[in-house]
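In what follows, a structure is listed as structure tokens, so that the remarks can point back to it.
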């Protein structure tokens with residue numbers, strides 16, 4: 043990508059898209075193309091077709107998606123599979139029709155089998171059953187990966203797919219019904235602190251292990267791969283290669299927020315996948331490593347949350 047290349051960031055207001063915009067801007071890219079969902083409905087084929095024909099972006103970061111935590115995925119599986127398939131189909135097809143030079147598709151680590159060997163290597167995709175609580179979302183993302191690979195095979199396009207681990211950071215979703223675990227815990231502990239609640243009750247046993255990546259590290263990795271990686275039909279995991287128990291995560295967030303009460307665990311609620319750690323040896327071999335550790339990232343995220351008071 044040249045500094046003046048026209049680069050479309052789909053989903054630029056979301057957690058991932060906004061971080062990609064920050065990173066590109068910081069690196070001196072000056073011709074960034076964005077549209078809000080009100081300005082461009084990516085599930086609408088005619089609108090996306092018109093947009094690409096008019097704007098002719100040279101590069102595309104496909105970060106737009108409908109995302110959510112365990113509860114949202116269980117309640118709204120039809121929404122998750124429909125919206126994500128529509129977005130992917132429309133953007134990837136129109137990138138091809140309008141000769142986009144390169145596209146980066148953002149998948150998710152939930153595409154891997156529920157009981158995949160740990161850490162999870164890229165080649166474990168489609169080797170076992172998915173976690174049922176979010177299989178609709180995962181299947182949509184798998185379809186997006188296969189779509190990119192199919193276009194590469196049939197049309198000689200240069201579309202790459204990356205699989206981020208659990209993300210958090212600036213512009214995260216703190217809605218307790220639809221958020222992922224880390225931002226939800228930040229809000230829960232902050233509200234418990236404000237209300238002087240003596241205890242806080244959290245879902246599950248606290249024993250599952252999760253890997254967390256600060257979103258600006260993901261954005262740096264995406265831009266790095268967009269500039270350097272052309273082995274298009276091999277996906278790339280993006281993560282830290284380190285994980286923690288949900289219980290340890292909760293204790294870290296409790297300390298950062300400064301909540302003095304106690305934590306109780308409701309073991310009648312689901313835990314989800316027992317462990318989900320990505321093998322990031324390929325990413326490291328491609329010249330990228332994360333730079334923000336978990337506690338520092340949580341402090342940055344909590345500071346942003348307090349300063350912006352996002353009502354969602």
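Residue numbers (our numbering): 43 to 354. Glycine is no exception: its CB is placed at the ideal position from the N, C-alpha and C atoms.
Spatial distance of residue i from residue j (CA atoms)
i: residue 339; j: residue 256; result: 6 Å
i: residue 46; j: residue 142; result: 15 Å
i: residue 330; j: residue 65; result: 15 Å
i: residue 84; j: residue 128; result: 7 Å
i: residue 67; j: residue 270; result: 18 Å
i: residue 241; j: residue 308; result: 12 Å
i: residue 263; j: residue 280; result: 7 Å
i: residue 51; j: residue 246; result: 36 Å
i: residue 72; j: residue 301; result: 43 Å
i: residue 354; j: residue 126; result: Its pLDDT being 48, under 50, residue 354 is placed unreliably by the model, and the measurement read from it follows with that caveat. Going from the Cα of residue 354 to the Cα of residue 126 covers about 21 Å.
i: residue 316; j: residue 122; result: 22 Å
i: residue 431; j: residue 49; result: Because the chain spans 43 through 354 in this model, residue 431 falls outside it and cannot be assessed.
i: residue 95; j: residue 135; result: 12 Å
i: residue 199; j: residue 272; result: 10 Å
i: residue 164; j: residue 189; result: 17 Å
i: residue 151; j: residue 208; result: 7 Å
i: residue 117; j: residue 111; result: 10 Å
i: residue 182; j: residue 237; result: 40 Å
i: residue 193; j: residue 345; result: 42 Å
i: residue 160; j: residue 334; result: 23 Å
i: residue 82; j: residue 93; result: 8 Å
i: residue 54; j: residue 311; result: 34 Å
Residue i and residue j closer than 8 Å at C-beta
i: residue 149; j: residue 277; result: yes
i: residue 229; j: residue 244; result: no
i: residue 115; j: residue 197; result: no
i: residue 225; j: residue 231; result: no
i: residue 154; j: residue 268; result: no
i: residue 355; j: residue 146; result: In the structure as shown, the chain starts at 43 and stops at 354, and residue 355 therefore has no counterpart that could be examined.
i: residue 319; j: residue 212; result: no
i: residue 191; j: residue 275; result: yes
i: residue 223; j: residue 288; result: yes
i: residue 74; j: residue 58; result: no
Residue of the options minimising C-alpha distance to residue i
i: residue 138; options: 203, 322, 62, 91; result: 91
i: residue 296; options: 234, 209, 98, 140; result: 234
i: residue 249; options: 285, 80, 153; result: 285
i: residue 313; options: 147, 174, 266; result: 174
i: residue 332; options: 135, 246, 289, 266; result: 266
i: residue 227; options: 282, 133, 305; result: 305
i: residue 70; options: 55, 44, 52; result: 44
i: residue 98; options: 86, 144, 214, 79; result: 144
i: residue 79; options: 121, 252, 56; result: 56
i: residue 204; options: 324, 95, 74, 119; result: 324
i: residue 184; options: 335, 328, 131; result: 131
i: residue 221; options: 113, 63, 162, 82; result: 113
i: residue 341; options: 311, 294, 351, 283; result: 294
i: residue 336; options: 239, 210, 349; result: 210
i: residue 348; options: 298, 76, 111, 311; result: 298
i: residue 61; options: 124, 95, 258, 53; result: 258
i: residue 120; options: 86, 177, 164; result: 177
i: residue 326; options: 194, 124, 283; result: 283
i: residue 291; options: 81, 328, 303, 251; result: 251
i: residue 88; options: 77, 133, 53, 156; result: 133
i: residue 350; options: 159, 214, 156; result: 214
i: residue 124; options: 156, 310, 86; result: 86
i: residue 321; options: 158, 311, 303, 195; result: 158
i: residue 303; options: 239, 77, 343; result: 239
Bridge-paired residues (DSSP) for residue i
i: residue 306; result: 243
i: residue 203; result: 147
i: residue 356; result: What is shown of the chain runs 43 to 354, which leaves residue 356 out entirely.
i: residue 50; result: 75, 102
i: residue 251; result: 287, 317
i: residue 278; result: 204
i: residue 162; result: 320
i: residue 4; result: Not covered by the structure: residue 4. The range shown for the chain is 43 to 354.
Contact the stretch 161 to 174 vs the stretch 92 to 106: 3+ CB pairs below 8 Å = No, the stretch 161 to 174 does not touch the stretch 92 to 106.
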